[in-house]
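Q: Residue numbers (this note's numbering): 2 to 556.
Glycine included, each C-beta is placed from N, C-alpha and C at the ideal position.
Mind looking over this structure? Questions follow.
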Amino acid sequence: MDAGIGEKQFRDLFDDRAIVVADVPAGAARELAAKVNQPAGLGDATLRTKAEFVALFHAIRGVDGNSSDGDLLRLTDEHGAPTAQGRLVDTYRRTAIGLQELFDWSMYQVSITDWPANEMRPDEPVLATGDARVSIWRADAGDTRVVPPPDDAGVLFTTAGFSLVNSGNKTKFAPKRSWKVNVEPGDDRLVGMSRLNLKSMYNDPSQMREALAWELFRRAGVPAPRHTYARLAINGNYQGLYSLIEQVDRSFLRQRFGAKNRGNLYKGYCGDLGCATLEHRVGADGDDSGRQYFTRHDDPDLTYALKTNEDDPKLNGYDDLARFVRTITRAEQGAVEDIFNVRPFLRWAGLNVLLGSWDTYFATPANYYLYNSRDKDRPYFTFIPWDYDNILGIDYFGARWQYTDLLDWPASTGPYHGGKGRSRIPLVTKLLANHEFAQYYLDHIEFLLDTDVNPDAMTKRMDGLWQRVIPSAYFEADFPNSKPFTGRQFTNDEVYRAGHEQQELRHANEFALGVYHFTRMRYDRARQQLATLRRTFRAGASGATFPATPESLPA
């Protein structure tokens, strides 16, 4: 660290970070942070805004009465030893939390108060008015109180500047809905987050599937959102257990890929052009430019929705996406690697096929992001997965995803399309037709089967998650077989049978295998398929080592 730093340098140390006053070791540093938090704070026990860090900077300047360095904090003396100011700054740096530390906590309480009773099912964003507030604090997953008050750390974040909307495709109109809490623009954020994604896990009787998936992607070095759990209360009434999932947005890009990442971020949907297959599109006049990939910018149902730079006419023409699709269609290895972050995508693909995740770029195809980290004239795209509740044995179509061919994904998708065709997913089929890419993909699958995606490893992981989810999940109903008052479709007894006993369940047209049984069948079939494929793709011939380190993006 420099011998002296100014106000801006000090604030930059805490970019997208927060100081939880109670996390600071008892003593002078905590007392000073608490003193700053009282007049400069926003009703919570966290320093997180520009104004708060400016106030903390000036409070530190007053320590030892040392003002001889003008507007600087003196961190070391003439002998290089830390000063009192330097020790304070070091303490705050070490104890500040970022997104990783936030999502490492096992359970949160999200509380929305004074929310209008007639706005409990908002299909469009509703802006908070009057005394309405959203607050979040740490909770103990084993707490037997339905809506526990803040612990010693206090409220981590509270604001009156927010909006609420229900979200999801299958679950948007379900009895237990998912929610998006959008924080209004400004620096009133918690570690850079502008949105809380609260997913109801409506289709998942185990309440553990997304937690399993996001942790496995992290371990595989795939750029993916972080996950934890939250209890939600609105006006003091318990709404149930939710998955709290990091939003893929500018903050996500900045934290994963660096502060200068401001490129185009696309999300794949089923919209104006059908589903987001990434097939090559050519107009009647032979044009295959970006104009072929959207109807109009203000269409609310775009297949390829631009989530950044959408109002910049120099960047919103979709020409970078068109070039990407054109290159993938030709499938020349060198050209593909120049434009696409191939290896994390292949690792995603291996995990996806083992998880049986069909509502992604597999059967649907949709629910993924593509990020161009360079400019439109020489794009470089990275694939980012999204939406992992329909996995590990959840099936509406009789498709038996546990038996999907490792190299021929579309062969399994006939039942999904009602027997009227197969999914068209050239980003998978073109890459896996390349021997070198397929070799890497299969070597990674074998590593996954040896380590993380086998019955023993998955059982161990589920045992830990079960202890986290079960108290909060059971609070949603009064009796084991009574209908949950939160709208969850599964009774407590069914949650127990699916999550703990690993039994199969049927609800209307949904069939849910136990996670263990799906994993057992998927593991056995994958081993059989690999044994045959190894005649062509020799084990370890890719030369890759796993687990892989996340790749740096080229300049």
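1. Is it buried or exposed, Ala140, if we count other Cβ atoms within 10 angstroms and call 16 or more buried?
2. Where does the unbroken alpha helix (DSSP H) through Pro180 begin, and where does it stop?
3. As a quick exercise: from Leu432, Val111, Arg401, Thr114, pick the residue whose alpha carbon is nearest that of Ile329.
4. Report, in whole angstroms, the separation of the C-beta atoms of Phe113 and Ile246, which I expect to be a contact under 8 Å.
5. Sort out for me which residues DSSP pairs Lys268 with in a bridge.
6. Hey, Met459 and Val496 are a contact pair by Cβ (cut 8 Å); roughly how many whole angstroms apart?
7. Count the other CB atoms, across all protein chains shown, that sit within 10 Å of the CB of Phe163; report buried if there are 16 or more and exposed otherwise.
8. Are there three or more Cβ pairs, one per stretch, closer than 8 Å when the segment 308 to 317 is compared with the segment 378 to 385?
9. Less than 6 Å between C-beta atoms, sequence neighbours within five positions excluded: which residues of the same chain meet that for Gly169?
10. Roughly how many angstroms separate the alpha carbons of Glu79 and Asp72, rounded to a whole number?
11. Rounded to the nearest angstrom, what separates Arg257 and His436 at their Cα positions?
12. Note down the Cα distance separating Arg122 from Gly488, rounded to an integer number of angstroms.
13. Nearest-angstrom Cα distance between Asp406 and Arg292?
14. When you compare the segment 192 to 211 with the segment 363 to 373, are there three or more beta-carbon pairs, one atom per stretch, that lie closer than 8 Å?
15. Where does Ser252 sit, in a helix, a strand or coil, going by DSSP?
16. On the DSSP letters alone, give me the boundaries of the alpha helix (DSSP H) that Ile329 sits inside.
17. Please identify the residue among Leu393, Arg327, Gln334 whose C-alpha is closest to the C-alpha of Asp205.
18. Per DSSP, Tyr243 forms a beta bridge with which residues?
19. Is the segment 462 to 475 touching the segment 205 to 225, taking contact as three or more C-beta pairs under 8 Å?
20. Using a Cβ-Cβ cut-off of 7 Å (strictly less than) and excluding sequence neighbours within five positions of Asp360, which residues of its own chain qualify?
21. Comparing C-alpha positions only, which one of Gln10, Asp444, Gly415 sits nearest to Ala350?
22. Determine the DSSP secondary structure at Val127, reduced to helix, strand or coil.
23. Sorted by chain position, which residues of the same chain lie with C-beta nearer than 6 Å to Gly155's C-beta, five sequence neighbours on each side aside?
24. Using the beta-carbon count (16 or more within 10 Å), is Glu53 buried or exposed?
25. Name, in chain order, the residues that DSSP records as bridge partners for Tyr109.
26. Considering only the alpha carbon of each residue, which of Ala478, Leu506, Tyr441, Phe538 lies closest to Ala545?
27. Asp273 bridges to which residues according to DSSP?
28. Looking only at C-alpha atoms, which of Ile137, Trp138, Trp116 sits nearest to Thr130?
29. Could you check the C-alpha separation between Gly399 and Cys271 for me, to the nearest Å?
30. Is the Cβ-Cβ distance between Leu57 and Val37 less than 8 Å?
31. Pick from Asn510, Val354, Trp467, Ala478: whose alpha carbon is nearest that of Ala499?
32. Would a C-beta distance cut-off of 8 Å place Asp1 and Asp302 closer than the cut-off?
33. From the DSSP output, which residues share a beta bridge with Met194?
34. Run through DSSP, which three-state label would Thr460 get?
35. Secondary structure at Pro83, three-state DSSP: helix, strand or coil?
36. What does the alpha-carbon distance come out to for the pair Met108 and Ile98?
A: Once the coordinates are examined:
1. The residue you call residue 140 lines up with position 139 of the sequence shown. Buried, by the Cβ-count rule.
2. Within the sequence shown, numbered from 1, the residue matching residue 180 stands at position 179. The question names Pro, but residue 180 is Trp in the sequence shown. Run containing Trp180: none in the alpha helix (DSSP H); it sits in the beta strand (DSSP E), 179 to 184.
3. Working through the sequence shown from its first residue, we reach residue 329 at position 328. Ile329 has its Cα closest to that of Leu432, out of Leu432, Val111, Arg401, Thr114.
4. In the sequence shown, counting from the first residue as 1, residue 113 sits at position 112. In the sequence shown, counting from the first residue as 1, residue 246 sits at position 245. In the sequence as presented, Phe is not what sits at residue 113; that position holds Ile. That belief does not hold up - the Cβ atoms of Ile113 and Ile246 are roughly 18 Å apart, past 8 Å.
5. Position 267 of the sequence shown, counted from the start, is the residue given in the question as residue 268. Partner(s): Ala306, Tyr370.
6. Numbered from 1 along the sequence shown, position 458 holds the residue referred to as residue 459. Numbered from 1 along the sequence shown, position 495 holds the residue referred to as residue 496. In fact, because the Cβ distance is near 18 Å, the residues do not count as touching under 8 Å.
7. Sequence index remark: in the sequence shown, residue 163 carries index 162 (1-based). Buried is the call here.
8. no
9. Residue numbering aside, residue 169 sits at position 168 when the sequence shown is read from its first letter. Contacts found: Ser179.
10. As a position in the sequence shown, residue 79 is number 78, starting the count at 1. As a position in the sequence shown, residue 72 is number 71, starting the count at 1. Spanning the two alpha carbons is a distance of roughly 18 Å.
11. Counting from one through the sequence shown, the residue named residue 257 turns up at place 256. Counting from one through the sequence shown, the residue named residue 436 turns up at place 435. Spanning the two alpha carbons is a distance of roughly 30 Å.
12. Here the question's residue 122 lines up with position 121 in the sequence shown. Here the question's residue 488 lines up with position 487 in the sequence shown. Spanning the two alpha carbons is a distance of roughly 13 Å.
13. Within the sequence shown, the letter at position 405 stands for residue 406. Within the sequence shown, the letter at position 291 stands for residue 292. Whole-angstrom Cα-Cα distance: 35 Å.
14. no
15. Locating residue 252 in the sequence shown gives position 251, counting from the first residue. DSSP places Ser252 in helix when its eight states are reduced to three.
16. As a working note, residue 329 is residue 328 in the sequence shown. Element bounds for Ile329: 320 to 331.
17. Locating residue 205 in the sequence shown gives position 204, counting from the first residue. The shortest C-alpha separation from Asp205 is found at Leu393.
18. Counted from its first residue, the sequence shown places residue 243 at position 242. DSSP lists Ala231 as partners of Tyr243.
19. yes
20. Within the sequence shown, numbered from 1, the residue matching residue 360 stands at position 359. Excluding sequence neighbours, Asp360 sits near Asn368, Asp388, Asn391.
21. As a working mapping, residue 350 is identified with position 349 in the sequence shown. Looking at the Cα atoms, Asp444 is the closest of the given residues.
22. Numbered from 1 along the sequence shown, position 126 holds the residue referred to as residue 127. In this structure, Val127 counts as strand in the three-state DSSP scheme.
23. Residue mapping note: residue 155 aligns to position 154 of the sequence shown, counting from 1. Taken in chain order, the residues that qualify are Ala46.
24. The residue labelled residue 53 in the question sits at position 52 within the sequence shown. Result: buried.
25. Counting from 1 along the sequence shown, the entry for residue 109 is found at position 108. For Tyr109, which the question treats as bridged, DSSP gives the partners Arg139, Ala231.
26. Along the sequence shown, read from residue 1 onward, the residue named residue 545 stands at position 544. Answer by Cα proximity: Tyr441.
27. Within the sequence shown, residue 273 is the residue found at index 272, counting from 1. Paired residue(s): Gly275.
28. Reading the sequence shown from its first residue, position 129 is the one you call residue 130. Thr130 has its Cα closest to that of Trp116, out of Ile137, Trp138, Trp116.
29. For the purposes of this step, residue 399 is taken as residue 398 along the sequence shown, with counting starting at 1. For the purposes of this step, residue 271 is taken as residue 270 along the sequence shown, with counting starting at 1. Each residue's alpha carbon lies about 22 Å from the other.
30. Locating residue 57 in the sequence shown gives position 56, where the first residue counts as 1. Locating residue 37 in the sequence shown gives position 36, where the first residue counts as 1. Cβ atoms of Leu57 and Val37: closer than 8 Å.
31. The residue given as residue 499 occupies position 498 in the sequence shown. Looking at Asn510, Val354, Trp467, Ala478, the one whose alpha-carbon comes closest to that of Ala499 is Trp467.
32. With the chain running from 2 to 556 in the structure shown, residue 1 is simply not present.
33. Against the sequence shown, residue 194 aligns to sequence position 193. BP columns for Met194 point to Leu191.
34. Here residue 460 corresponds to residue number 459 of the sequence shown, with the count starting at 1. Helix, per DSSP.
35. Residue 83 sits at position 82 when you count from the first residue of the sequence shown. The answer is strand: DSSP assigns Pro83 an E or B state.
36. Start at 1 with the first residue of the sequence shown, and residue 108 comes out as number 107. Start at 1 with the first residue of the sequence shown, and residue 98 comes out as number 97. If you take the alpha carbons of Met108 and Ile98, they lie about 16 Å apart.
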